[in-house]
Amino acid sequence: MKHFFNRRATIVTEALDGLLRTIGSGNLARLDGYPEIKVVLRADWDKSKVSVVSGGGAGHEPSHAGFVGKGMLTAAVSGEIFASPSVEAVLAAIRAVTGPAGCLLIVKNYTGDRLNFGLAAEKARAEGFRVEMVIVADDIALPDIAQPRGVAGTLFVHKIAGHLSEAGRDLAEIAAAARAAAKDIISLGISLSSCSIPGQPHEDRFGADDGELGLGIHGEPGVERIAVQSVDRLVAIMAERLAVRLDPKATYALLINNLGSVPPLEMSLVANAVLASPLARAVKLTIGPGPLMTALNMNGFSLSLIRLDAARQAALLAPVGPHAWMPAKPVVAPYVVPMVKPAHEGAARKASPDAGTRRLIVTVCEKLISLEATLNGLDAKAGDGDTGSTVATGARSILERLDTLPLADPAATLGAVGDLLSASMGGSSGVLLSIFFTAASRALDGSTDVPKALLAGLERMTFYGGAKRGDRTMVDALEPALRALDAKGLEEAAIVAARGAEATAAMERAKAGRSAYVGTKLQGVVDPGAHAVAEVFAAAAAQHATA
Numbered sequence: 016m017k018h019f020f021n022r023r024a025t026i027v028t029e030a031l032d033g034l035l036r037t038i039g040s041g042n043l044a045r046l047d048g049y050p051e052i053k054v055v056l057r058a059d060w061d062k063s064k065v066s067v068v069s070g071g072g073a074g075h076e077p078s079h080a081g082f083v084g085k086g087m088l089t090a091a092v093s094g095e096i097f098a099s100p101s102v103e104a105v106l107a108a109i110r111a112v113t114g115p116a117g118c119l120l121i122v123k124n125y126t127g128d129r130l131n132f133g134l135a136a137e138k139a140r141a142e143g144f145r146v147e148m149v150i151v152a153d154d155i156a157l158p159d160i161a162q163p164r165g166v167a168g169t170l171f172v173h174k175i176a177g178h179l180s181e182a183g184r185d186l187a188e189i190a191a192a193a194r195a196a197a198k199d200i201i202s203l204g205i206s207l208s209s210c211s212i213p214g215q216p217h218e219d220r221f222g223a224d225d226g227e228l229g230l231g232i233h234g235e236p237g238v239e240r241i242a243v244q245s246v247d248r249l250v251a252i253m254a255e256r257l258a259v260r261l262d263p264k265a266t267y268a269l270l271i272n273n274l275g276s277v278p279p280l281e282m283s284l285v286a287n288a289v290l291a292s293p294l295a296r297a298v299k300l301t302i303g304p305g306p307l308m309t310a311l312n313m314n315g316f317s318l319s320l321i322r323l324d325a326a327r328q329a330a331l332l333a334p335v336g337p338h339a340w341m342p343a344k345p346v347v348a349p350y351v352v353p354m355v356k357p358a359h360e361g362a363a364r365k366a367s368p369d370a371g372t373r374r375l376i377v378t379v380c381e382k383l384i385s386l387e388a389t390l391n392g393l394d395a396k397a398g399d400g401d402t403g404s405t406v407a408t409g410a411r412s413i414l415e416r417l418d419t420l421p422l423a424d425p426a427a428t429l430g431a432v433g434d435l436l437s438a439s440m441g442g443s444s445g446v447l448l449s450i451f452f453t454a455a456s457r458a459l460d461g462s463t464d465v466p467k468a469l470l471a472g473l474e475r476m477t478f479y480g481g482a483k484r485g486d487r488t489m490v491d492a493l494e495p496a497l498r499a500l501d502a503k504g505l506e507e508a509a510i511v512a513a514r515g516a517e518a519t520a521a522m523e524r525a526k527a528g529r530s531a532y533v534g535t536k537l538q539g540v541v542d543p544g545a546h547a548v549a550e551v552f553a554a555a556a557a558q559h560a561t562a
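Position in the sequence shown (first residue = 1) + 15 = the numbering used here.
This is the structure in C-alpha cells:
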C-alpha cells in the first residue's frame, strides 16, 4: 500500500510540526526534545490549575495532540507509530505543565501505556509532584476479559477531565470524576480492512467478502470475522452487543468514530443507521461522525457510549479550544420542508394516453437500461465509469412515472421528461438532457414540428454545456442524427447517429465533458454518450419499422 512520507524515522516529528504550523494560533507548542521527546502542550497554560496529560502511540490522529487546548488536554505525549511513549517523554510532559495543583494522567488500557505512564507517575511523585492516573478500558469486544482495551471512549474522559480542570476543580475531584466516567463507557469497533503502516510491508488479512468485529486501534485482529453486508445489518449487530451493557433507565452520549479511511458519505450512512436503530432510544447527545481516534487508514468505525448525568452532559456540551474536537449535539429528526410546486404545473401536465408515444418511450428507456454495463465499461476508459448507471437511472425514473405523463401532448411530454431527468438523473448528463428536453418542449409549444423542436433543444444544450460536434461527446452522434431526422426521417437519422458515434473512436482526446480531463489517449474507445445516442436511434427506427 502506498503512503506519503519522507523517512519512516521522522514521520511522527514531521507530522507534529505540521500540526503546529497549521493550528492557526500561538496557543500550542512542543518541548525541545525531538526525536526522543515528542510532547505537544499548551503555551498559554496556567499552572495553578490541574494539568490533564494523555497520549500514546502515533497513528491515531487527531488523537492525541489534536485535542490539546482550552477545555481538553494540557499536554499530549506521542510515541512512534502504535508504540507507547517512553517514561522520560511522559515525565518531561508532567514537569512542563504541572504546578502545585497537580496532574491527572489519562491512559488507555494497553500494557505499554500503563507501564510507561505508571513509572513516569511514580518518578514524578518522587520529585514532589502530585499525580493521579486513570485507566480507561472501554472496549467490550471480549466481554469476559479481565483487562479490556482502551479505545475511542477515552475521549469522553479527556473532555470531562479537561472541563473540570478549566473550571478550577481540584485533583481529587477531577480524578474521581474521570474514574467514574471511565467505568460508564463502552465501545465496539468494526472494520473491512486492516491498516497499513508507512514503510512496512502490508498484507491485508481480510477476504473480499469479510470484515472483523471487535478489533482494536493498532491493527490487531478482531474478535470475530463477519460477513460484509448492509450497513443497517452491521450496525444492528453492533447495537445489539452494546445494548446489553446499557442501563435501560439511563441516557447516553454516543461517539461515532471513523477509524481512518471510511469516506464521509459512508460515515453519514453509519450515523443514520445507528440513530435509526433501537440503540438510539437511549442516546441524548451525539459526537461525530468523524475521525477522532483513528487507526491510520483502517476502513472501519467504532461506536462509544457514556452514561450521562447532569455534570457529564454539561462537560460534553462545553465549548473547547481544539478544532479537532467535534462538539456534542442533541439528536434531532430530519426537518423536511415541502417543495414549492411550479406555478404552471397542473392541467397542462395532466396525464393522458397515446399508444404510439408510449411504445416509443418504453423502447428507448428499455434500450438505455440494457446498455448500463456496456456504457459503464466505455466510461471507465474515458471517465469515472458511471455513465451507464446514470443513464439507466434516468430511464427507470421515466418508466416508473409513465402513467403520469401527458402522452397525448408532445410538448408537455417533453417538458415532463425534462423535469423527471433533472430530479432523478445525476451528473452533468442529467442536467444537459433536462435542458435539451425542456428547451425542445418550449419550441414545440410554439407550433414548430418535433424535429425542429429537438434541434432547438440541442442548440440550448450545446450553448450551456459548451460542447460542439468534434469534441468527442454525445453531440457527435446527436447533432447529425437530429439534422437527418428533420431532413430525411428516422431511418436515416439512425444511420448517421451510428457514424457519428463511430467517429469518436478515432478522436485522440476529448475537448469537452469529463473525458477532457483524462490525460490518456482515447483512440479506439467510442464515447459512451455518443454510443447511447446511436443505440437509441437504432432502437427507435426498428420500432418504427415494425409499427
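We put the CB at the ideal spot given by N, CA and C, even for glycine.
Which same chain residues end up closer than 6 Å to residue i when comparing Cβ atoms and leaving out the 5 residues on each side of it in sequence?
{"i": "G361", "result": "Reliability of the predicted coordinates at G361 is poor, the pLDDT of 49 falling under 50, and the value obtained from them is presented with this limitation in mind. So the list is empty, once near-sequence residues are dropped."}
{"i": "I450", "result": "R475, M476, Y479"}
{"i": "P50", "result": "T28"}
{"i": "E181", "result": "G86"}
{"i": "G231", "result": "R164"}
{"i": "F552", "result": "A496, A508, A509, A512"}
{"i": "M489", "result": "G544, A545, V548"}
{"i": "A468", "result": "A455, A458, L459"}
Considering residue i, what are the terminal residues of the beta strand (DSSP E) in which it resides?
{"i": "G303", "result": "298 to 305"}
{"i": "Y267", "result": "267 to 273"}
{"i": "F316", "result": "315 to 322"}
{"i": "R411", "result": "R411 -> not in any beta strand (DSSP E); alpha helix (DSSP H) instead, spanning 402 to 415."}
{"i": "A242", "result": "239 to 242"}
{"i": "L46", "result": "Careful: L46 lies outside any beta strand (DSSP E) and carries neither H nor E."}
{"i": "V55", "result": "54 to 57"}
{"i": "S66", "result": "66 to 73"}
Using only the alpha-carbon positions, how far apart do residue i and residue j sit?
{"i": "F452", "j": "G400", "result": "25 Å"}
{"i": "G143", "j": "A190", "result": "18 Å"}
{"i": "G534", "j": "V541", "result": "Any reading at G534 must be qualified, since the residue scores a pLDDT of 45, below 50, and its modelled position is unreliable; the value itself is stated next. Whole-angstrom Cα-Cα distance: 16 Å."}
{"i": "K264", "j": "L119", "result": "31 Å"}
{"i": "G133", "j": "K299", "result": "35 Å"}
{"i": "A111", "j": "A176", "result": "19 Å"}
{"i": "A30", "j": "V54", "result": "12 Å"}
{"i": "V379", "j": "D460", "result": "23 Å"}
{"i": "R248", "j": "M313", "result": "20 Å"}
{"i": "A554", "j": "K382", "result": "7 Å"}
{"i": "V102", "j": "G84", "result": "23 Å"}
{"i": "R484", "j": "E494", "result": "7 Å"}
{"i": "A329", "j": "A24", "result": "42 Å"}
{"i": "L46", "j": "S66", "result": "16 Å"}
{"i": "L500", "j": "D424", "result": "20 Å"}
Does the distance from the CB of residue i to the CB of residue j come in under 9 Å?
{"i": "G226", "j": "F97", "result": "no"}
{"i": "H559", "j": "E506", "result": "yes"}
{"i": "A455", "j": "L429", "result": "yes"}
{"i": "N124", "j": "S99", "result": "no"}
{"i": "L473", "j": "L435", "result": "no"}
{"i": "A80", "j": "L106", "result": "no"}
{"i": "I200", "j": "D159", "result": "no"}
{"i": "T266", "j": "L332", "result": "no"}
{"i": "V92", "j": "G70", "result": "yes"}
{"i": "T519", "j": "A562", "result": "no"}
{"i": "A268", "j": "R327", "result": "yes"}
{"i": "G403", "j": "L414", "result": "no"}
For residue i, which residues in the same chain have their Cβ closer than 7 Å to its Cβ, ignoring the five residues on either side in sequence?
{"i": "A251", "result": "S292"}
{"i": "A44", "result": "L56, A58"}
{"i": "D219", "result": "S208, S209"}
{"i": "P304", "result": "I271, N273, M282, S283, V285, A286"}
{"i": "A167", "result": "S202, L270, N272, L307, M308, S317, S319"}
{"i": "E95", "result": "V27, G72, A73"}
{"i": "A426", "result": "S456, L459, D460"}
{"i": "G41", "result": "A58"}
Might you give, ordered along the chain, the residues of its own chain that have their beta carbon closer than 8 Å to the beta carbon of residue i, omitting 5 neighbours on each side?
{"i": "M440", "result": "T405, V406, T408, G409, S412, L448, S449"}
{"i": "L157", "result": "P163, G229, V238"}
How is the alpha helix (DSSP H) around residue i delimited, first residue to last?
{"i": "M253", "result": "246 to 258"}
{"i": "K198", "result": "186 to 198"}
{"i": "A141", "result": "126 to 141"}
{"i": "D225", "result": "No alpha helix (DSSP H) contains D225, which is instead part of the beta strand (DSSP E) from 225 to 228."}
{"i": "L280", "result": "279 to 290"}
{"i": "V541", "result": "Unbroken run through V541: none, as it is neither H nor E."}
Spell out whether any CB of chain D is found under 9 Å from the CB atom of residue i.
{"i": "R220", "result": "This model lacks chain D altogether, as it is built from one protein chain only."}
(request) Would you be able to state if there are at least three C-beta pairs under 8 Å between the region 229 to 245 and the region 333 to 340? (result) Result no; under three Cβ-Cβ pairs closer than 8 Å.
(request) Say whether the region 252 to 260 touches the region 57 to 71, bearing in mind that this needs 3 or more beta-carbon pairs closer than 8 Å, one atom from each stretch. (result) Judged by Cβ distances under 8 Å, the region 252 to 260 makes no contact with the region 57 to 71, as fewer than three pairs qualify.
(request) Say whether the region 366 to 385 touches the region 104 to 118, bearing in mind that this needs 3 or more beta-carbon pairs closer than 8 Å, one atom from each stretch. (result) No, the region 366 to 385 does not touch the region 104 to 118.
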